[in-house]
Amino acid sequence: MARKVRVYIAASLDGYIAREDGDISWLDSVSRPGEDYGYEDFIDTIGAVIMGRKTYDKVLSFGGEFPHEGRDCYVLSRTRTGKDEHVTYFNGAIEELIERLKQESGKDIFVDGGAEAIHLLREKGLIDSYTISIIPILLGKGIHLFNETEPEIPLTLTGSKTFASGLVQLNYVPTAKKSNGKRAPKYIC
Numbered sequence: 017m018a019r020k021v022r023v024y025i026a027a028s029l030d031g032y033i034a035r036e037d038g039d040i041s042w043l044d045s046v047s048r049p050g051e052d053y054g055y056e057d058f059i060d061t062i063g064a065v066i067m068g069r070k071t072y073d074k075v076l077s078f079g080g081e082f083p084h085e086g087r088d089c090y091v092l093s094r095t096r097t098g099k100d101e102h103v104t105y106f107n108g109a110i111e112e113l114i115e116r117l118k119q120e121s122g123k124d125i126f127v128d129g130g131a132e133a134i135h136l137l138r139e140k141g142l143i144d145s146y147t148i149s150i151i152p153i154l155l156g157k158g159i160h161l162f163n164e165t166e167p168e169i170p171l172t173l174t175g176s177k178t179f180a181s182g183l184v185q186l187n188y189v190p191t192a193k194k195s196n197g198k199r200a201p202k203y204i205c
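So the number in this note's numbering is just where the residue sits in the sequence shown, counting from 1, plus 16.
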């Protein structure tokens, strides 16, 4: 079975993944002892991680052990090259990286953010599934999960789950493509 490119991310009800300054402390509003919202089950299916440089810098700012130790990690960067102790920096054509990773055997590929990395992969039609946890908060402004200039991509809901904290988790896959390469329209009446 081919590896899948999967987004797993939290967003405010109004579609932001962070405040304008990158702050994500508002995610703590749904923190509950013993509740990980399925993250451990999800991460057990992951063999490679792709993230943007800002996300990588944010992860490092938390201190402690690198959360993706033991996985192949790629950081999309326009300025950094080579490797560091945790990741390989990548600044080539994203399609080539995804094609190479999908040809390798292994577990799925996790897009760990941020918005620019998700935008790039979404724009190229490279994301196979989305798990979006909607946090019950309206931020009003911040960093949007999806850019307003991105192309329309119809999605099919594959699952949803609600939690006592008010978090709602939605699972989507891009709607199947027609044989001519264009996505088949789906109408809900």
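Note that beta-carbon positions come from the ideal geometry of N, C-alpha and C, so glycine has one too.
CB of residue i within 8 Å of CB of residue j, strictly
{"i": "F106", "j": "Y90", "result": "yes"}
{"i": "L183", "j": "S149", "result": "yes"}
{"i": "T178", "j": "N187", "result": "no"}
{"i": "E168", "j": "G68", "result": "no"}
{"i": "I134", "j": "L92", "result": "no"}
{"i": "G63", "j": "D100", "result": "no"}
{"i": "L43", "j": "L154", "result": "no"}
{"i": "G130", "j": "T61", "result": "no"}
{"i": "R22", "j": "S121", "result": "no"}
{"i": "F126", "j": "V65", "result": "yes"}
{"i": "I25", "j": "A34", "result": "no"}
In DSSP terms, what residue i is bridged to
{"i": "T97", "result": "Note: T97 sits in no beta bridge, so no partner."}
{"i": "I66", "result": "Y90, V127"}
{"i": "V23", "result": "V127, Y146"}
{"i": "R35", "result": "R35 is not bridged to any residue."}
{"i": "Y105", "result": "V91"}
{"i": "V184", "result": "I150, T178"}
{"i": "P206", "result": "It is not possible to answer for residue 206, since the shown part of the chain is limited to 17 through 205."}
{"i": "E51", "result": "R48"}
{"i": "S28", "result": "I151"}
Residue nearest to residue i in terms of C-alpha spacing, selected from the options
{"i": "T147", "options": "G54, P170, L136, E36", "result": "G54"}
{"i": "I151", "options": "A180, L76, T104, F126", "result": "A180"}
{"i": "P190", "options": "I143, R94, R87, D57", "result": "I143"}
{"i": "G86", "options": "I59, E164, G50, Q119", "result": "I59"}
{"i": "D6", "options": "D52, P49, V103, L171", "result": "As displayed, the chain neither begins before 17 nor continues past 205, which places residue 6 out of reach and without an answer."}
{"i": "A192", "options": "R94, T172, E112", "result": "T172"}
{"i": "E36", "options": "E56, G156, P83", "result": "G156"}
{"i": "H84", "options": "E56, R94, R96", "result": "E56"}
{"i": "I114", "options": "G98, D88, R94", "result": "D88"}
Buried or exposed by the 16-neighbour rule on C-beta atoms within 10 Å, applied to residue i
{"i": "L210", "result": "Because the chain here runs from 17 to 205, residue 210 falls outside it and cannot be looked at."}
{"i": "K140", "result": "exposed"}
{"i": "L76", "result": "exposed"}
{"i": "G158", "result": "buried"}
{"i": "R19", "result": "buried"}
{"i": "K109", "result": "The residue you asked about is not Lys; residue 109 is Ala in the sequence shown. It is exposed - the Cβ of A109 has fewer than 16 other Cβ atoms within 10 Å."}
{"i": "D128", "result": "buried"}
{"i": "N196", "result": "Annotation note: pLDDT 48 at N196 (below 50); position unreliable, no value reported."}
{"i": "A27", "result": "buried"}
{"i": "M17", "result": "exposed"}
Check: residue i C-beta below 7 Å from any heavy atom of the ligand FAD
{"i": "S145", "result": "The ligand FAD is absent from the structure shown, which contains no ligands of any kind."}
*Jot down the residue ranges of each uninterrupted alpha helix (DSSP H) in the stretch 136-181, minimum 4 residues, whole runs only, in chain order.*
Residue ranges of uninterrupted alpha helix (DSSP H) with 4 or more members are absent from the stretch 136-181; none lies entirely inside it.
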